[in-house]
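Only one structure is covered here, and it is reproduced in the block below.
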Amino acid sequence: MVRLDENEISFPDPELYDGHEGIIALGGDLSVERIWFGYQLGIFPWYNPGEDILWWCPDPRFVLFPDELSVSKSMKKILKNNIFTFTEDQNFKEVIKNCQEISRKGQSGTWLSDELMEAFIKLHEYGFAKSIEVWQQGELVGGFYGLKIGRVFCGESMFTKVSNASKAGFIHFVESYKNDLDIIDCQSHTEHLESLGARMIPKKEFLKILHKNNERK
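Counting the sequence shown from 1 gives a position; the numbering used here is that position plus 172.
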């Protein structure tokens, strides 16, 4: 496994290097420059706080193509009845804070460290990271955040405080941006996103889409 130099922003080529179970490298730092560069290569950080930073490019990759979004009859009814309202980039810090603090089934802690949170808040301030907020009667009840790189959106984490809030927010986002996005990178499999149409594709296919996107910028 490749150990990164903290003084040099570089990564192994994920097309040529498979790593161990999708882990491309370890170490380095969480500077805005390194994170942004990594995502443009299809590499993202995911690790336990207090341990080495691990950089991933899994094969296969869990993604959603906007035109494959699947919305159930019950969710269509919820959206039609305007149970929730949605905003973008209005409360990024609260969204990422909730993503860190929300209790998740089968998890005793969080992978979202304070250092990583600070890095994404900076990325948001620079215009690279965005959030979707879901509201109910004036209360923030759900949302998610991620990085938008041209026509690729890299989803990071989501939270929900009431049933269907984050799902409604995700559907709203995909439907709003379906003409502006080629693919949504969901990174790791969840049944929640699979029910909305996300599926596994080979890493090679994902990187091809990402490279075409980078060339257009």
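Glycine residues also receive a C-beta, built at the ideal position from the N, C-alpha and C atoms.
Cβ contact (3+ pairs, closer than 8 Å) linking the segment 353 to 371 and the segment 181 to 188: The answer is no - the segment 181 to 188 does not touch the segment 353 to 371, with fewer than three Cβ pairs under 8 Å.
For cysteine 358, which residues does DSSP report across the bridge? Answer is none; cysteine 358 lacks a bridge partner.
Could you check the C-alpha separation between threonine 390 and histidine 383 for me, to the nearest Å? Beyond the ends of the chain as shown, which are 173 and 389, falls residue 390; an answer cannot be given.
In whole angstroms, give me the CA-to-CA distance for glutamine 279 and cysteine 326. Low per-residue confidence applies at glutamine 279: pLDDT is 46, beneath 50, and the placement is therefore not dependable enough to give any value.
Let me know the secondary structure DSSP gives alanine 370 once reduced to three states. Alanine 370: coil per DSSP, three-state reduction.
Could you tell me whether any non-hydrogen atom of the ligand ZN is closer than 8 Å to the CB of leucine 198? Within the structure as shown, the ligand ZN is missing, as the structure has no ligands at all.
At which residues does the beta strand (DSSP E) containing tryptophan 146 begin and terminate? Nothing about residue 146 can be read from this structure; the chain reaches only from 173 to 389.
Leaving aside the five residues before and after isoleucine 343 along the sequence, list all residues of the same chain whose C-beta is less than 8 Å from its C-beta, in chain order. So the list reads Leu241, Val243, Met247, Leu251 and Leu368, once near-sequence residues are dropped.
State the beta-bridge partners of arginine 323 as determined by DSSP. Partner(s): none; arginine 323 has no beta bridge.
Taking the CB atoms as reference points, tell me whether glutamate 328 and glycine 314 lie closer together than 9 Å. Glycine 314 sits away from glutamate 328, with the two beta carbons spaced by 9 Å or more.
Quick one: Cα of glutamate 365 to Cα of lysine 376, how far? At residue 365 the sequence reads leucine, which differs from the glutamate that was named. The straight-line gap from Cα to Cα measures roughly 21 Å.
Whole angstroms is fine: what's the gap from alanine 340's alpha carbon to lysine 265's? Their Cα atoms are separated by approximately 20 Å.
Taking the Cβ atom as the reference point for each residue, do methionine 330 and tyrosine 349 lie within a distance shorter than 9 Å? No, Cβ-Cβ distance for methionine 330 and tyrosine 349 is not below 9 Å.
Do you know offhand how far glycine 214's Cα is from isoleucine 381's? Answer to the nearest angstrom: the Cα atoms are 10 Å apart.
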